[in-house]
Amino acid sequence: MMSDMTEGDQVAVLGVRVRLGAGATVDDVRALKTWLEREEPLERLRSEEVLSIEERTSTDAARGRLGPDLELVLKVLGDVVTVAALTEYTARAVKTWTNNRRRLQGGDPDPQIRPLEPDGE
1 MMSDMTEGDQ VAVLGVRVRL GAGATVDDVR ALKTWLEREE PLERLRSEEV
51 LSIEERTSTD AARGRLGPDL ELVLKVLGDV VTVAALTEYT ARAVKTWTNN
101 RRRLQGGDPD PQIRPLEPDG E
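Numbering (full-length UniProt numbering), first residue to last: 1 to 121.
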């Protein structure tokens with residue numbers, strides 16, 4: 001079967017970015033990543049190999065920003081889930097994690113969740 005793509009064409013990267021605010025630590029980012037990896041249905045999508053969760057250095061962090069320059073990127077690797085559904089699953093899991101963290105440690109990590117740009121950034 002012929003593809004309509006030519007050399008140099010890029011496939012849009014679908015997914016969401018989760019960034020914690022200035023009150024968060026690197027440990028918070030890593031704890032949230034672990035939480036997301038274990039949260040159903042995200043865990044199911046990972047086990048089906050249609051979702052990856054990556055920790056990476058933020059490319060557009062504000063100059064002079066306090067807190068970690070790390071973010072979590074959840075990328076859709078197949079066509080089993082839409083970005084809207086992934087955003088909803090992620091938002092629910094992040095809200096639960098945030099409430100749990102607030103109860104145990106105090107403070108507010110001020111999470112932000114947004115879709116990835118088509119280039120994955």
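Idealized CB from N, CA, C, for every residue including glycine.
Could you give the C-beta distance for residue i and residue j, rounded to a whole number, given that I count them as a contact under 8 angstroms?
{"i": "residue 179", "j": "residue 36", "result": "Beyond the ends of the chain as shown, which are 1 and 121, falls residue 179; an answer cannot be given."}
{"i": "residue 113", "j": "residue 18", "result": "5 angstroms"}
Do you know how far the Cα of residue j is from the Cα of residue i?
{"i": "residue 23", "j": "residue 81", "result": "32 angstroms"}
{"i": "residue 38", "j": "residue 69", "result": "23 angstroms"}
{"i": "residue 78", "j": "residue 108", "result": "33 angstroms"}
{"i": "residue 65", "j": "residue 57", "result": "Confidence at residue 65 is low in this model, with a pLDDT of 49, below 50, so its placement is unreliable and no value can be given for it."}
{"i": "residue 73", "j": "residue 16", "result": "6 angstroms"}
{"i": "residue 105", "j": "residue 43", "result": "25 angstroms"}
{"i": "residue 102", "j": "residue 14", "result": "30 angstroms"}
{"i": "residue 53", "j": "residue 71", "result": "10 angstroms"}
{"i": "residue 89", "j": "residue 96", "result": "11 angstroms"}
Are there 16 or more other CB atoms within 10 angstroms of the CB of residue i, so buried, or fewer, so exposed?
{"i": "residue 26", "result": "exposed"}
{"i": "residue 34", "result": "exposed"}
In three-state DSSP terms, what is residue i?
{"i": "residue 1", "result": "Any reading at residue 1 is ruled out, since the residue's pLDDT is 38, under 50, leaving its predicted position unreliable."}
{"i": "residue 47", "result": "helix"}
{"i": "residue 82", "result": "coil"}
{"i": "residue 88", "result": "helix"}
{"i": "residue 57", "result": "strand"}
If you measure from the beta carbon of residue i to each beta carbon in chain B, is any gap under 8 angstroms?
{"i": "residue 42", "result": "Within the model displayed, chain B is absent; a lone protein chain is all it includes."}
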